[in-house]
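Enquirer:
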Amino acid sequence: MKKGSKETDLYAEAKRKLELVKIFYRHLRVYIVINIILFGLAISLYNQLGGQEVADKGFQDWFMLNLWITPILWGLGLFIHGLVVFKSQLFTSISLTPGFINKWEERQIQKILEKQDSEPNN
């Protein structure tokens, strides 16, 4: 591999990662703007009603549920998006695979290598 080719590949990879970060920040901006609008709508509706109960209690319950569920679930999705984009230190510094699986994988690799060594060359 040529040195220039490797540098080009590294540059392309860095540019791709930067694009992923930009997409994440765009997602964060949309999340903030939409949630400000949602909470503004809730405050506006509350002020228009003067703190009174709505005639249709079911609508009020539905509206309040959606008012809270939307930012919570979307926020969870945004959090996961951030973990994927930034490859959180939590997931890169520790192995999420139990030790016995790692040991089993290593034994299987050794068996395959031993089998390949013992076979006559074709």
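Read in order, the letters of the sequence shown correspond to residues 1198 to 1319 in the numbering used here. Cβ coordinates follow ideal geometry from the N, Cα and C atoms, glycine included.
Check the C-beta distance from Ala-1239 over to Leu-1264 and give it rounded, since I have them as a contact under 8 Å.
Expert: Counting from one through the sequence shown, the residue named residue 1239 turns up at place 42. Counting from one through the sequence shown, the residue named residue 1264 turns up at place 67. That pair is a contact at about 5 Å.
Enquirer: Expressed to the nearest angstrom, what Euclidean distance is found between the alpha-carbon atoms of Arg-1304 and Gln-1313?
Expert: For the purposes of this step, residue 1304 is identified with residue 107 of the sequence shown, where counting begins at 1. For the purposes of this step, residue 1313 is identified with residue 116 of the sequence shown, where counting begins at 1. Straight-line Cα distance between these residues: approximately 14 Å.
Enquirer: DSSP three-state label for Lys-1203, please.
Expert: Taking the first residue of the sequence shown as 1, we reach residue 1203 at position 6. Helix.
Enquirer: Check for me: the alpha helix (DSSP H) holding Lys-1308 runs from which residue to which?
Expert: In the sequence shown, residue 1308 corresponds to position 111, counting from 1. Start and end: 1296–1315.
Enquirer: Quick check on this structure: which residue in Gly-1274, Phe-1283, Asn-1244 has the alpha carbon closest to the alpha carbon of Lys-1214?
Expert: The residue you call residue 1214 lines up with position 17 of the sequence shown. Among Gly-1274, Phe-1283, Asn-1244, the Cα nearest to that of Lys-1214 belongs to Phe-1283.
Enquirer: Give the DSSP-derived three-state secondary structure of Asp-1258 in the structure shown.
Expert: If you number the sequence shown from 1, residue 1258 lands on position 61. Helix.
Enquirer: Would DSSP call Arg-1213 helix, strand or coil?
Expert: Mapped onto the sequence shown, residue 1213 falls at position 16. In this structure, Arg-1213 counts as helix in the three-state DSSP scheme.
Enquirer: How long is the line joining the alpha carbons of Arg-1226 and Ala-1209, rounded to whole angstroms?
Expert: Translated into positions along the sequence shown, residue 1226 becomes position 29. Translated into positions along the sequence shown, residue 1209 becomes position 12. Those two C-alpha atoms are separated by around 26 Å.
Enquirer: Give the straight-line distance between the Cα atoms of Glu-1302 and Leu-1310, rounded to the nearest whole angstrom.
Expert: One-based indexing of the sequence shown puts residue 1302 at position 105. One-based indexing of the sequence shown puts residue 1310 at position 113. Distance between the alpha carbons of Glu-1302 and Leu-1310: 12 Å.
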